[in-house]
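Input: a single structure, listed below in structure tokens.
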Amino acid sequence: MQTSQEEHIGLNILCMDGGGVRGLSSLIILQEFMHRVEDARGGSRVHPYEYFDVIAGTGTGGISACMLGRLRMPIEKAIEKYANLVKEVFKEKKMSGPTMYKATKLQDALKTMIREATGDEMAMMSEDQNDNPCKTMVFAMGKHNLNAALPVIFRSYPATTNPGPNCAIWEALRATMAHPDLFKSIDIVESSIIQSFVGGEIGCSNPLVHVLIEVERVWPGRQVACIISIGTGQARTIQVSNTSRWYRTQDVMVMKDMATDSERVAQEMLVRFRRTSQVYFRFNVDQGLQDMKKGSWERLGEAMQHTKAYLQKQETDQKLNEAVRSSTERRGIVSTAHGAGQIFSAPENCIGFKHCPAPTKLYTGRTAENTQVITCITAGQNERRVCVVYGLGGVGKTQLVLNVIERTWDKWDYIIYVDASSTQSIEKALSEFGKAKSMDKTSKGVVSWLESCTERWLVVFDNADTPTTNVRQYIPARGGSVLITTRLPDLARLAEGPDSVCRLSSMSRTDGTELLAKIVGLGNECLLDDDMTAAEELVQNLGGLALAIVHAGAYIAHSAGMTITRYQNLFLSQRRRMLEEYNELPVTAKLEERGDTVYTTWRISYDQLKPESRELLGLIAYLHHSGISEDIFKRAAAAMHSKTYPLPPTDVESQAQSYIKRYLSNFLNTDGSWDAVSFIRVMSDLTSFSLIDFDRLNLTYRVHVLVHDWAKSMADPALAVEYTATLLSLSIDHEDDTTSLAFKNQLGLHVTSALTQYHNIGANHGYYFEQVYGCTGRWEQQIKLLQQLFATFHNILGGDHPDTLDSMTRLAWAHQCLGQYDKAEQLEVEVIDARKRVLGVEHSATLGAMSDLAWIYSCQGQHNKSKQLGLQVIDHYKRVLGPEHPDTLISMGNLAWVYSCLGQYDKAEQLGTQVIGARKRVLGAEHPSTLDTMSNLVATYSDMGQYNKAEQLGLQTIDLRKRVLGAEHPDTLISMGNLAWVYSCLGQYDKAEQLGTQVISTRKRILGPEHHSTLDTMSNLASTYLGMGQYDKAEQLGIETLDALKRVLGVDHPDTLFPMSTLASTYSKLGQYDKAERLGAQLVDIRKRVLGDEHPDTLDSISDLASTYLRMGKHDEAKNLQIWGLDACKRVLGDEHPTTLKSMHNLALVFSDLGRWDEADELCRKALIIAERTIGDQHPSTQQYRTSLLRIHNERQVKAAMTSGPYLYSSPDVIDQQVNLLYAFTAPPLSP
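Numbering-wise, the UniProt record's numbering puts 621 at position 621 of the sequence shown, and it's gapless, one number per residue.
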């Protein structure tokens, strides 16, 4: 028994024509339809039997219907089974007899398909409807009664009227396929009575008429939402003169009859539903299938291609979208009786009243919102529903509601449209309704009448935008449905019913672009690709605001010589003018009666704001349009009486400071503390008119881009931007605690917005703004501001003034961060000389500059120079400031990194751990300086081969840096790059590649493609590709990175040498041994000269070069180099360092090639045992050592056997072949 809710939902019906092999076309069309349904439902998987209430078909369409409905196959599986079936059945013709194909083959193929789907080839056609509510209908014809063209229905559900045979599924499908010229008829026995059937395609190739009659019988009184009828392609008559059995004209005539019948029914359905839109949808491939015969199984691919071409047509695309919308909404449009073609007598009188403007014919998109509103106002049974649609003026609220009314028109006996912009307009609309009904003309009388009315009514209160108008008193207390459109979010409290609040925001880029293209293309002119791209950009710049899109499109369509591309270019420079040009269009060119532009609608709201709200909107206008936090105003208020600037304020700056102090005083309590309630009250005034929104997730405010731009015109731009710049500079401090850094990290877009509008920013503001760019890692912007600051301070304060030298120091640091080390060194040396001269050697400012210079030396690869200066600075710091002063700890952390670069890992770990502990104690665990040292220690652990420690600390550091600095801050990216390298060292190459690629992409965008940090990550990724065995990628990226680093850092820089090492190893793996030897030897020479003979990087290069010698057959050179390298590794790094294990392994391979089996076995076995314990059993290096040990074992046995007996005189090549063959098939167990 159906519930009242089920009875209200409209039925979805699918009917599929017959057509032999061409039936594949129907399934391809349905597949596209189902994919769009899934997209409309948020990507959730849905099968046809779950979506349709009825699936019916005849002939091959009957087989498809049964697969999808009765057998519940997914559409993809149905396509696969269909293709297999027609290939099996039609690929072989009979040599004699009246039919072309073997019915036994068809029968066997059907049983196989059914057995695979149900487990029982004799499964019955009728099934329990509780298991599968989808009803399946398959049509055939009685062999002895074809005159009336009345088919027999094989049903998956019980029927009391004209039931079909109670038979197995295969019998029903065999019957519907029994075309007289293709397969012989089938006899079905029921109650000892034999009934003969032939294919349903004879006179019933499109069974939709009979389907709709059956639907009305099963569901009397129900409503139909969507009817989808799918044909198998337009067919045409083919004349063939040869009358032999191989080229029989009977097939052609039958195909003609089938096509005529299908199209005749399709035309009848078009006539039947011509006055009811969005319910009947016919899909049929119009070109390419005309000459395809029923048994042309070899042309399945051709059928698919023609169908795909049909689906790409604009008309088909639009029809599919409309069908998806109707079937998804499940809104009852026509009754089942109407669908069945029944005619009713006209009612004696019409007492209904429906008055409402028509929606625009260009309405586009908003599928989800349409469904929400329709469901809300129509789903209630004998209960009041109030749906409130609210949003910014111009966003499309009225058109959404008018479209909803159009789509539910037949649902209502009364529709009352009310202009709710004022009390007077509401009273007038209700009075006119009362007059039309010859009843009480007062609004109270009309409301009372509606409350007692038992018929279906809808009242629409449109544009309820005035806060003083009490809409609530005009809403009937019971029955019916109410729609309200408003800019006032507070009216959402009037909503009643599920999903009764619809906040309408900007259109999606896809919907907005489609709407713009519709308007511009009213003359049916196709848009060029460039214009389509410009259309997408224009929609984005318009913020997806529906009214703005309409006005822009109307202007473009009307104006000769105006293209979307040209309009977009003009709009970027003069936004307001271009949108207001709509007012100048003639009436015939406008697309709606109201002439208001978006600015007119917002001005109405602006005039209703409180004075302090207008002032706040003026300040917001020059901030960025999103991420506006209360903290900006709170921090500025807290600092406005104590803030100091480096230079005396100008007149404009003084005026702005006075204004901001006066305004922010509105939000202070008597004791000077922040009054959040007062601030929220003013913000709420702006949100109450939808001029701004509150982002509850991020606890910030945002403004639509066009409102943001319009708000700038509400005040004098020169003063307004100075007010905003003052607000921002007051909010910024020079603290480096985590709270302050997090705040400044969120301020970057606001500072950029103010600077974009204010090109002549004063030094007093720049003094604070550059701090924000430094915190966010936007060093190029920071350098521009610092250069201006330095020039201004130098001219006004002098070259030795502390503020001038501070600006030079920060400028040097910014250059260093950009990898411009020579500029940084030059500036820092000047600063040190000046500070020594003015302040003395041990002044903290002098020592800070010396510490910075030591770090620059390290970045340049001058590690010994950096170490020497760093030790000197630390000694001074400890004496002057103490061992745990933050400045002392910074220098100690830098020195720990230098130790790591020098390969002195024990010192680096010891000092780094000491600094982290002290920084956590003094500064806190999340302070950026603490995180710097943690990040450096990750790299140290990695260099020491302690990869698990490195991974654990790396993940912790990334998590903290993302939270404190942001996901794209350069320091965060350094930590992510370090972790990617750790993953590579651990052999987790997929993770390494994914993270490394992400870091490279971000660094290229933020820092540029040739920044030192970008190139470092590219170098690491090349090494990852090498580990993954993707040698071509490794070579390509390695060459690109090496060339760039040579240009940026020079050939001798340590960071240049790493990709050189990777590239040499890559050449060796590729078998390009000459290149590998030449580059490897060059690398060893440079590293010995720059880093020293026993630096870990030098030893690693020596091991790689020895491996290349081994591959080249230079055994003596390989042996001597590996022996020396292994001794050095043990002495410098210890027995268990990864580089030491690598040298052991490589030397074992040399001994193996020399036939020194005992030494090879001992060394390789030792490397394997240590690797299993230190880096894990699954690490690629461990697996490589295990493989090598197996090979050594096999070579020893096989060569011993082959150098005696019959193999004594075998050539070395033959012996090697036998070794390789035996190695491939043997893997004896090993024990330590």
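Heads up, the beta-carbon is just placed ideally off N, CA and C, and yes, glycines get one too.
All values reported here derive from a predicted model rather than from experimental measurement.
Sub-8 Å separation of R487 and S605 beta-carbons: yes
Burial state of W246 (16 or more Cβ within 10 Å): With a pLDDT of 43 at W246, under the threshold of 50, the predicted position of this residue should be treated as unreliable, and no value is reported.
Contact under 8 Å by Cβ, L14 with I55: yes
DSSP beta-bridge partners of S335: Q223
Coarse secondary structure for G977, derived from DSSP in three states: helix
The stretch 318-332 contacting the stretch 208-227, beta-carbon criterion three pairs below 8 Å: yes
CB-CB length for P928 against V880, believed under 8 Å: Their Cβ separation, rounded to whole angstroms, is 23 Å, which puts P928 and V880 out of contact at 8 Å.
Top-ranked residue by Cα proximity to S1023, from Q988, P1059, I1039 and K661: P1059
For I188, the three-state DSSP class (helix, strand or coil): strand
Beta-carbon proximity list for E909, same chain, < 6 Å, skipping 5 on both sides: T940
Buried/exposed call for E315, threshold 16 Cβ in 10 Å: exposed
V271 burial status per 10 Å Cβ neighbour count (16 or more: buried): exposed
Simplified DSSP assignment, three categories, for H641: coil
Which listed residue (A636, P648, E653 and E630) has its alpha carbon closest to that of R681: E630
Residues bridged to L811 [DSSP beta-bridge criterion]: For L811, which the question treats as bridged, DSSP gives no partner whatsoever.
Sequence-distant residues of the same chain with beta carbon closer than 7 Å to F273, five excluded per side: V279 and Y280
Outcome for S642 when other beta-carbon atoms lying within 10 angstroms are tallied against a minimum of 16: exposed
Inter-residue spacing [alpha-carbon to alpha-carbon] between G18 and D128: 27 Å
The stretch 1012-1032 in contact with the stretch 966-984 per 3-pair CB rule at 8 Å: yes
Residue span of the beta strand (DSSP E) that contains A140, given as start and end: K135 to G142
Contact set for A1076: own chain, Cβ-Cβ below 6 Å, skip 5 residues either direction: A1064, Y1067, S1068 and T1108
Local Cβ density within 10 Å of L572, reported as buried at 16 or more and exposed below that: exposed
As assigned by DSSP and simplified to three states, the class of D419: strand
L749 versus L623 - alpha carbon distance: 8 Å
Minimum C-alpha distance to E190 - residue among V209, A168 and G200: A168
E825 classed as buried or exposed, judged by whether at least 16 other C-beta atoms fall within 10 angstroms: buried
For M439, the three-state DSSP class (helix, strand or coil): coil
Other residues of its chain near A950: CB distance less than 7 Å, five sequence neighbours each side excluded: V938, Y941, S942 and V982
Best match in P1054, R1131 and Y701 for proximity to D1097 [C-alpha to C-alpha]: P1054
Beta carbon of A83 nearer than 8 Å to that of L24: yes
Residue nearest to P611 in terms of C-alpha spacing, selected from D671, H551 and M683: M683
Three CB pairs or more closer than 8 Å across the stretch 400-419 and the stretch 506-523: no
Three-way DSSP call (helix, strand, coil) for I351 in this model: In this prediction, I351 scores a pLDDT of 48, lower than 50, which makes its location untrustworthy; the coordinate-derived value is nonetheless stated afterwards. If DSSP states are grouped into helix, strand and coil, I351 belongs with coil.
Cα-Cα separation between V285 and I28, rounded to whole angstroms: 11 Å
Rounded C-alpha distance that separates Q868 from V1084: 25 Å
Member of A368, D990, T104 and H794 whose CA lies at the smallest distance from the CA of I186: T104
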